[in-house]
Amino acid sequence: MSSELQLEDGKTFSKKKIFAGIIFAISAYALSTVTPSIEIAWVSGFLLLTIYLFAFEVVGVDVAAVSIMVLLGISSLLAPFMGLSAGLVDNQHIFDGFSSNAVMSIIAVMIIGAGLDKTGLMTKVASFILQIGGTTETRIIPIISSTVAIISSFMQNVGAAALFLPVVNRISVRSGLPMSRLLMPMGFCAILGGTVTMVGSSPLILLNDLIATSNVALPADQQMDAWSLFSVTPVGLALVATGILYFVLLGKYVLPKAKSQDVTDTSDTSDYFLNIYGIDYEFFEVVVPEGSPLVGKKLDDVENEDRIRIIAAQEYSKKSQVTQTTISRDTSIGNNAHLAILSSPSNLLAFTEKYELELLNGLDVFTDDLSPMRSGIAEIVIPPSSKILGKSARDLWMRKSYGLSMVALHRKGETQREGDNIRDMPFETGDTLVVHTTWESLARLQKDSDFVVVTTEFPHEDVRPNKVGFAGFFFAVALGLVLFSDLRLSIALLTGAVGMILSGVLKIEEAYDAVSWKTVFLLASLIPLGLAVETSGTAKWIAEQTLTVVGEQPIWVIQAAIAVLATFFTLVMSNVGATVLLVPLAVNIAIGVGASPALFALTVAIATSNSFLIPTHQVNALIMGPGGYRVPDFMKAGGIMTILFLIVTITMMNLIF
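In structure tokens, the structure reads:
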């Protein structure tokens, strides 16, 4: 995704560079006006380094967080050289984040979400929505959006969006409504749903741990109480309702226009891909006669140059015939071979003439192998957590490794086809791959966290509907323990997660795969930094400098300013990182102006979900490809949503708290 501003002279300037420049300018001003202690200076330096690594993406955000944690750890060794009497963080507690309540809670939420998905509940949800919503946009959008918001309130919002992506695709095909009119409301409400409960998003899960850390440095009369599971629910529900009403009332103005999908036969995928991606490919079978210039060539020699895709091959010899439906780019073409080709008619005609091939009337030897019951064209999205990001189809030997023959790649509103070197393009978050594959291979990919399979209506069986009772029971147990017991949140949620594993809802390997370890390491590694910021007095010092500028303003204005700052931070760095950096600051500012520190901390945790303006949030990146969205689409719809989010949040928090 582009994070650059295009200037009139053709040059570009990174928005993140602007952000980092502002931060450094403010820091330089603060350091020049009031001299901090040596400990505060070092912690401030680590803060600036963290912001720099996050903003410029020198390394992955998880790698950056782990690096900062290690540097804080070795500060005890280097303390004499740094002018310190001790390390910035006690080494006995440097890894406490990995066993923290917040981290273990996030792991449990991810496992519970995967267990609910494994039972096939999403398919039932799709059928229910179609049954009561019909095919009207103004009815389907509220039902989809509210359902996703409810799911997102109890699991990670990117997970809820990934679960519902195939559901929306199915609804789109059956209702004839374009994906672009449904996915953005769904995605935005998945983000908003994360504000409905204290386990709906990573910042809210982390908040109580950050409050406990801040309490260490506060006198007894100023210490904060932890927020309960539903403390934030009124604010979250108001935000979800605002999001739904926004798209119902203004959706026709802010959502991108798209041609309605007139798909009455869901098995006719050719019309679907022609309408959505402009792909006019059909299946053809050709015979390679003896003496053809094609004999001896490898697939890689001809496919990109001639803009065709060879899906299968059958080689004849005197003793036998061998059919290959999974072939690789180094497969050689022999005499009398039959080839199944996916191509546009014009490219196929040029290919047969060039190599003197015999074009058959329809499929012959591949009738069974390429029947709609065994294979077809599908859509696959690359999620933000995928390990194949930055790698190309050629790097992965995708056809041989995954059984996928890539036909097209849809990115940032543009569709690249064979002949555009799509096999050499490194994959990015939100890329939609249009592939031909066997349904068996596609079913395997549904279990692979590196892919999100959008196409759902194909012959396969990989869910465990017989376990839906166990899944529902252990979800209810976990929720009941959270609501009606004094158990820590992590223990209550892990009870449900372990119950799903023991009852067979999930295999232990599937539970491991369900966890986003990148998120876990990011969150756990940032907790020591938050501890250093608070216990060193850095947060208090920064707050004092801030109050010299805004201290005379009304409390609600200062609260709104903090919400705007959190919104800005979360657009250019992770919401977890923004929360860890800003909560200690917000707490000390609140104490300085006589406001509730817990309320200001909650303001930060909620405002870090206000990420709609550009597709930097994982949910927005996920839906960008399937929805065919461009960055201006997010700016148009997300700009208004961002303002509404701030207004509703500040208003509701001041009314309720």
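Each residue of the sequence shown is one higher than the last, beginning at 1177 in the working numbering. For every residue, glycine included, the Cβ atom is placed at its ideal position computed from N, Cα and C.
C-beta contact flag for residue i and residue j at 9 Å
i	j	result
residue 1273	residue 1758	no
residue 1344	residue 1359	yes
residue 1376	residue 1651	no
residue 1762	residue 1733	no
residue 1515	residue 1486	yes
residue 1427	residue 1357	yes
residue 1271	residue 1321	no
residue 1610	residue 1695	no
residue 1713	residue 1216	yes
residue 1531	residue 1478	yes
residue 1460	residue 1518	yes
residue 1669	residue 1240	no
residue 1511	residue 1469	no
residue 1879	residue 1706	Outside the displayed range of the chain (1177 to 1833) lies residue 1879, so it cannot be described from this structure.
residue 1295	residue 1641	yes
residue 1325	residue 1798	no
residue 1700	residue 1687	no
residue 1392	residue 1708	no
residue 1259	residue 1288	no
residue 1743	residue 1787	yes
residue 1591	residue 1454	yes
residue 1820	residue 1370	no
residue 1565	residue 1507	no
Element boundaries [beta strand (DSSP E), containing residue i]
i	result
residue 1582	1581-1587
residue 1484	Counting along the chain, residue 1484 falls outside any beta strand (DSSP E), and DSSP gives it neither H nor E.
residue 1554	1551-1557
residue 1590	1590-1593
Element boundaries [alpha helix (DSSP H), containing residue i]
i	result
residue 1424	1409-1430
residue 1621	1615-1621
residue 1673	1665-1678
residue 1282	1277-1294
residue 1393	Careful: residue 1393 lies outside any alpha helix (DSSP H) and carries neither H nor E.
residue 1375	Run containing residue 1375: none; DSSP gives neither H nor E here.
residue 1253	1237-1258
residue 1464	Premise fails: residue 1464 is in no alpha helix (DSSP H) and is neither H nor E.
residue 1656	1644-1660
residue 1543	Segment: none, residue 1543 is in no alpha helix (DSSP H) and carries neither H nor E.
residue 1314	1313-1328
Secondary structure of residue i, DSSP reduced to three states
i	result
residue 1698	helix
residue 1459	strand
residue 1532	coil
residue 1508	strand
residue 1220	helix
residue 1806	coil
residue 1519	strand
residue 1605	coil
residue 1490	strand
residue 1514	strand
residue 1436	Here the model assigns residue 1436 a pLDDT of 43, short of 50, so the residue's position is not dependable, and the following value carries that caveat. It is coil, neither helix nor strand.
residue 1872	Look at the range of the chain in this structure, 1177 to 1833, and you will see that residue 1872 is not part of it.
residue 1474	strand
residue 1824	helix
residue 1269	helix
residue 1611	strand
residue 1334	helix
residue 1629	strand
residue 1399	coil
residue 1693	helix
Cβ-heavy atom distance, residue i to the ligand HEM, below 8 Å
i	result
residue 1556	With respect to small molecules bound, the structure shown includes none, and the ligand HEM cannot be examined in it.
### Query
Would you call the region 1722-1738 and the region 1396-1416 in contact, with 3 or more CB pairs under 8 Å?
no
### Task
Return the chain-ordered ranges of every alpha helix (DSSP H) run that is complete within the region 1703-1781 and spans a minimum of 4 residues.
1714-1726, 1731-1748 and 1751-1769
#### Entry: Touching by the beta-carbon criterion (3+ pairs, under 8 Å), the region 1788-1808 and the region 1380-1395
no
### Task
Could you tell me whether the region 1248-1256 touches the region 1735-1754, using the rule of 3 or more Cβ pairs below 8 Å?
no
### Query
Any chance the region 1477-1486 sits against the region 1587-1595, with 3 or more Cβ pairs inside 8 Å?
yes
### Task
Would you be able to state if there are at least three C-beta pairs under 8 Å between the region 1672-1691 and the region 1216-1232?
no
### Sufficient close CB pairs (3 or more, under 8 Å) joining the region 1614-1632 to the region 1652-1672
no
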